[in-house]
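2 protein chains.
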Amino acid sequence: MLPNEKIDGTDLQILRILQKDAKKTTKEIAEMLHLTSSPIYERIKRLEKQKLILKYVAILDKKRLNIPITVICMVSLRYHNEGFIDKFEKQIKELKEVQECYHMAGKVDFFLKINMESLDNYHEFVRTKLSRIENIGVLESYFVLKEIMASTEYYI
Amino acid sequence: MLPNEKIDGTDLQILRILQKDAKKTTKEIAEMLHLTSSPIYERIKRLEKQKLILKYVAILDKKRLNIPITVICMVSLRYHNEGFIDKFEKQIKELKEVQECYHMAGKVDFFLKINMESLDNYHEFVRTKLSRIENIGVLESYFVLKEIMASTEYYI
DNA sequence: CATGAAACACGCGGAAG
DNA sequence: CTTCCGCGTGTTTCATG
Chain A
0 MLPNEKIDGT DLQILRILQK DAKKTTKEIA EMLHLTSSPI YERIKRLEKQ KLILKYVAIL
60 DKKRLNIPIT VICMVSLRYH NEGFIDKFEK QIKELKEVQE CYHMAGKVDF FLKINMESLD
120 NYHEFVRTKL SRIENIGVLE SYFVLKEIMA STEYYI
Chain B
0 MLPNEKIDGT DLQILRILQK DAKKTTKEIA EMLHLTSSPI YERIKRLEKQ KLILKYVAIL
60 DKKRLNIPIT VICMVSLRYH NEGFIDKFEK QIKELKEVQE CYHMAGKVDF FLKINMESLD
120 NYHEFVRTKL SRIENIGVLE SYFVLKEIMA STEYYI
């Protein structure tokens, strides 16, 4: 998977900066690392090509967008054949309200993170979309009271 | 919290584009929306000022960075006074390996998302850092087998 | 929404370790 | 031979009208 593509300390520092603020210019980064723009530019292009940097995105404010409710939903399937699992994944991917979905080890099969405008909407979502997916055994909803930390950064 | 600051359809389209790809230029967005660069530029600046756009970040590849293990950790506290909860939050924020932390409603108090290089490291992390936080009652770890969806986008 | 000036991104030839 | 520097050109950003 990873033939350790020669990531040195400078690369790591660039990655640390960009995962905090992707709008930093090569010039600014260069000053922080006591280099000129050129090597920074070349390194960033290389990191993009190597797919260490996957993409650049804007992070929006959920609450100001009127989707203040976050639900963590734990799903266990009734049957666990390969076909059933693939089918479940496919159906989940079609639900736009689901932001994240992880296949887990253990007695719970899937964790979902779902964003909603209101509890009413969540009720409607579960009733008309989620619970209509066949093969769901157990479905447990946990509501987020407060986001203590919600970062996209990795500790590198 | 939100005096619905006059977000129209064009604003929403801009936000949809930027949360997929923050590197799109105002010119490119303008072409997509059949406008010129100037109004797009002004709208983006306004959305940033209104804090609908919180920040721009680079999304990195966890596996290529040698942190392939993701753990969802469910924590229940022993005591639930205000002071205990605040103290727990403060101590969690100091653990760099914890990427996300949510205070939950229900019998589980906190969900943590933790990234690790290996299971050995996770073992060490729990032994020397997590379990040393006082007041933890129950600590359950769930390991991610596969990321089905892992987006930073909201459905807007 | 158009315009122009300033800043930035990007590519290259060359220097330096 | 790899990494960095500095300059040149083309885009983009950003303030003004």
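Going down the list, the sequences are from chains A and B.
Under numbering that gives the first Met the number 0, the very last position in the first sequence is 155; numbers go up by exactly one each time.
Under numbering that gives the first Met the number 0, the very last position in the second sequence is 155; numbers go up by exactly one each time.
The C-beta atom is built at its ideal place from N, Cα and C for all residues, glycine as well.
Checking 8 Å against the spacing of the C-beta atoms, do residue i and residue j come in under that value?
i, j, result
"B/F124", "B/V74", "no"
"A/G136", "A/L53", "no"
"B/V70", "B/M115", "yes"
"B/I163", "B/R42", "With chain B covering only 0 through 155, there is no way to say anything about residue 163 of chain B."
"B/K92", "A/M148", "yes"
"B/S36", "B/K23", "no"
"A/L129", "A/L118", "no"
"B/Y153", "A/L111", "no"
"B/Y78", "B/N134", "yes"
"B/C72", "B/I113", "yes"
"A/T151", "B/T9", "no"
"B/Y55", "B/A21", "yes"
"A/V97", "B/Y101", "no"
"A/Y141", "B/G105", "yes"
"A/L32", "A/I155", "no"
The alpha helix (DSSP H) spanning residue i covers which residue range?
i, result
"B/V70", "Taken as a continuous stretch (DSSP letters only), B/V70 belongs to no alpha helix (DSSP H), being part of the beta strand (DSSP E) at 68-76."
"B/N114", "Element bounds for B/N114: not the alpha helix (DSSP H) but the beta strand (DSSP E), 109-115."
"A/E81", "81-92"
"B/K106", "Counting along the chain, B/K106 falls outside any alpha helix (DSSP H), and DSSP gives it neither H nor E."
Helix, strand or coil for residue i? Go by DSSP, reduced to three states.
i, result
"A/L59", "strand"
"B/K155", "Residue identity check: residue 155 of chain B is Ile in the sequence provided, not Lys. Three-state result, B/I155: coil."
"A/S130", "helix"
"B/K48", "helix"
"B/P2", "Summary for B/P2: the model assigns pLDDT 48, below 50, so the residue's position carries little reliability, and this model does not support an answer."
"A/L53", "strand"
"A/Y64", "Reading the sequence as shown, one finds Leu at residue 64 of chain A and not Tyr. Here A/L64 sits in coil by DSSP."
"B/D10", "helix"
"B/D20", "coil"
Following the continuous beta strand (DSSP E) through residue i, name the residue where it begins and the one where it ends.
i, result
"A/H33", "Unbroken run through A/H33: none, as it is neither H nor E."
"A/I147", "135-149"
"B/E99", "97-103"
Shorter than 7 Å, the distance from the beta carbon of residue i to the closest heavy atom of the ligand NAP, or not?
i, result
"A/F83", "No copy of the ligand NAP occurs in the structure displayed, which carries no ligand at all."
Pair every Cβ in the region 56-71 of chain B with every Cβ in the region 86-95 of chain B, then say whether three or more of these pairs are closer than 8 Å.
With a cut-off of 8 Å, the region 86-95 of chain B and the region 56-71 of chain B do not count as touching, because too few Cβ pairs lie within range.
Taking Cβ-Cβ distances below 8 Å as the criterion, which residues of the region 138-153 of chain B are in contact with chain A?
The region 138-153 of chain B vs chain A, Cβ under 8 Å: Y141, F142, V143, L144, K145, E146, I147, M148, A149, S150, T151, E152, Y153.
Anything in the region 90-113 of chain A with a Cβ closer than 7 Å to a Cβ of chain B? List those residues in chain order, please.
Within the region 90-113 of chain A, the residues whose Cβ lies closer than 7 Å to some Cβ of chain B are I91, K92, K95, E96, V97, Q98, E99, C100, Y101, H102, M103, A104, G105, V107, F110, listed in chain order.
Which residues of the region 36-47 of chain B have a Cβ closer than 7 Å to any Cβ of chain A? Give them in chain order.
Only those residues of the region 36-47 of chain B whose C-beta falls short of 7 Å from the nearest C-beta of chain A would be listed, and there are none.
What residues in the region 13-28 of chain B have a beta carbon less than 8 Å from any beta carbon of chain A?
Per Cβ criterion, the list reads L14, L17, Q18, K19, D20, A21, K22.
Which residues of the region 75-89 of chain A have a Cβ closer than 7 Å to any Cβ of chain B? Give them in chain order.
For the region 75-89 of chain A, which is checked against every Cβ of chain B, the residues closer than 7 Å are E88.
Tell me which residues of the region 59-70 of chain A have at least one Cβ-Cβ distance to chain B shorter than 9 Å, keeping chain order.
Of all residues in the region 59-70 of chain A, L59, D60, K61, K62, R63, L64, N65, I66, P67, T69 have a Cβ within less than 9 Å of some Cβ in chain B.
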